[in-house]
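K.L.:
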Amino acid sequence: MKTIKIFIPHLEQLGEELIECLIQTLQMSLISGIIAFFFGILLGVILIVTKKDGLFQNRIVYGVFDKAVDVLRSIPFIILMVLLIPVSRAIVGTGSGVQGAYVPLIIGTVPFFARQIESVLSDVDRGLVEASEAMGFSPIEIIVSVYLKESIPGIVRATMITFVSLIGITAIAGAIGAGGLGDFAIRYGYQMGYQDMIWVTILLILLIITVFQWVGNYLIKKTTH
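In UniProt numbering, the protein residues as written are 1 to 225.
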């Protein structure tokens with residue numbers, strides 16, 4: 001206990017608030033991440049099936065979604081979050097705090113994840129797709145049974161990369177009023193100069209990422225064949 005007080009002197013005073021901020025970061029990451037996962041998969045599938053030689057080849061649809069992804073990915077998250085405040089208010093009733101961060105976190109994550117999903121799905125052996133078509137599989141069956149099923153390890157890897165990125169942007173969101181560990185580090189680590197709190201925040205973020213990566217690596221081993 002004495003050792004903790006020496007190296008982390010402000011932990012006893014700020015421990016409860018730190019735990020609250022940790023919960024806020026987990027809440028933002030998990031809720032936004034789960035929603036972004038499904039929208040990202042959907043958008044990635046749309047990109048892969050509407051591109052040239054895709055199951056539903058459509059240059060216009062592909063062009064619209066492709067450009068939308070590029071535009072959204074090019075906007076810095078801190079600017080995107082400010083731009084989407086009216087949208088957040090309309091959808092969740094507030095543009096600040098944890099709830100107000102959901103919309104920009106999702107919209108900021110989906111294009112990044114969708115582009116990775118498009119890349120993963122494009123690596124599926126074209127021969128498998130052609131064989132499935134020859135066997136009479138419907139386009140939906142090919143998407144589910146060939147593209148998605150064969151790409152599970154790649155999808156898990158893309159999810160891990162995206163989650164690490166999401167943790168980073170939750171910290172940015174916290175810096176402009178969304179709460180969480182980012183807000184905690186700014187208020188106490190930067191503004192008040194409590195260096196020990198910065199290091200504790202960093203260790204907690206690394207712990208979250210490490211646990212998620214361990215789970216992801218386990219799933220990759222189980223699904224790789």
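The beta carbon of each residue, even a glycine, is placed where N, CA and C say it ideally should be. As the structure is a prediction and not an experimental result, all values here were calculated from the model.
Count the other C-beta atoms from every protein chain shown that fall within 10 angstroms of the C-beta of Arg59, then say buried if there are 16 or more, exposed otherwise.
P.N.:
Per the 10 Å Cβ criterion, exposed.
K.L.:
Mark Phe77 as exposed unless 16 or more other C-beta atoms lie within 10 angstroms of its C-beta, in which case mark it buried.
P.N.:
By the 10 Å Cβ count, Phe77 comes out buried.
K.L.:
Can Gly182 and Ile172 be called in contact, C-beta distance under 8 Å?
P.N.:
Result yes, Cβ atoms of Gly182 and Ile172 sit closer than 8 Å.
K.L.:
Would you kindly work out how many angstroms separate the C-alpha atoms of Gly33 and Thr94, rounded to a whole number?
P.N.:
Going from the Cα of Gly33 to the Cα of Thr94 covers about 19 Å.
K.L.:
Expressed to the nearest angstrom, what Euclidean distance is found between the alpha-carbon atoms of Ile35 and Tyr188?
P.N.:
Between Ile35 and Tyr188, the C-alpha separation is close to 31 Å.
K.L.:
Going by beta carbon distance, what residues of the same chain come within less than 7 Å of Met160, once the five residues before and after it are set aside?
P.N.:
For Met160, where only same-chain residues beyond five positions count, the Cβ hits under 7 Å are Phe212, Gln213 and Gly216.
K.L.:
Whose C-beta lies closer than 6 Å to the C-beta of Ser96 among residues of the same chain, with five residues either side of it excluded?
P.N.:
Only Gly177 meet the Cβ criterion.
K.L.:
Going by CA-CA distance only, name the one from Tyr190, Ile91 and Pro111 that's closest to Ser165.
P.N.:
The candidate whose alpha carbon is nearest that of Ser165 is Pro111.
K.L.:
Do you know how far the Cα of Cys21 is from the Cα of Leu83?
P.N.:
Rounded to the nearest angstrom, the two C-alpha atoms are 24 Å apart.
K.L.:
Helix, strand or coil: how does DSSP classify Ser119 here?
P.N.:
If DSSP states are grouped into helix, strand and coil, Ser119 belongs with the helices.
K.L.:
Considering only the alpha carbon of each residue, which of Phe184, Met192 and Arg157 lies closest to Ile223?
P.N.:
The displayed chain sequence assigns Thr, not Ile, to residue 223. Selected option, being the one with the closest Cα: Arg157.
K.L.:
Got a sec, what are the start and stop residues for the alpha helix (DSSP H) Phe163 sits in?
P.N.:
Where Phe163 is concerned, the enclosing alpha helix (DSSP H) stretches over Ile152 to Ala173.
K.L.:
According to the neighbour-count rule (16 or more other Cβ atoms, all chains shown, within 10 Å of its Cβ), is Ser29 buried or exposed?
P.N.:
Counting Cβ neighbours within 10 Å, Ser29 comes out buried, since at least 16 surround it.
K.L.:
Buried or exposed for residue 229, going by 16 or more other Cβ atoms inside 10 Å?
P.N.:
There is no way to answer for residue 229, as the model of the chain reaches only from 1 to 225.
K.L.:
Do Pro139 and Phe38 have their CB atoms nearer than 8 Å?
P.N.:
Going by C-beta atoms, Pro139 is not nearer than 8 Å to Phe38.
K.L.:
On the criterion of 16 or more Cβ atoms from any shown chain inside 10 Å, does Gly174 qualify as buried, or is it exposed?
P.N.:
Buried, because 16 or more other Cβ atoms sit within 10 Å of the Cβ of Gly174.
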